[in-house]
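Below is one structure; the comments refer to it alone.
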Amino acid sequence: MRNTTPFFRRKPWGAGVTRRQAYTTLMGGALLLLAAVMRLAQLDAAPPGLQHDEIFKAQEGIALMTQGDFRVFYPSNQGHEGL
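Counting in my numbering, the sequence shown tops out at residue 76, every number present.
Structure follows, in structure tokens:
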């Protein structure tokens, strides 16, 4: 449903917000903050290196540059399309 009320006649921010909406917004923000803290806490230590998917794609990229091995489908790493 589109809000057709002119901008200058709309209620100020926070007016008409129910407790449930405020609680949901607060819990969503708290969850997002917790996720950011947990992810950024030891960013330099985890992950310690490249993951296996990154290594497979790097090896295929090197093969593309050195050998010109262009394919539509690459069977390594359970198979995937060419990037």
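Using N, Cα and C, we set each Cβ at its ideal position, and we do this for glycine too.
DSSP places residue 63 in the coil class of the three-state scheme, outside both helix and strand. Residue 36 and residue 18 have their alpha carbons spaced roughly 27 Å apart. Cβ-Cβ separation between residue 75 and residue 64: approximately 6 Å, consistent with a contact (criterion under 8 Å). According to DSSP, residue 73 shares a beta bridge with 67. Rounded to the nearest whole angstrom, the C-alpha separation of residue 60 and residue 22 is 50 Å.
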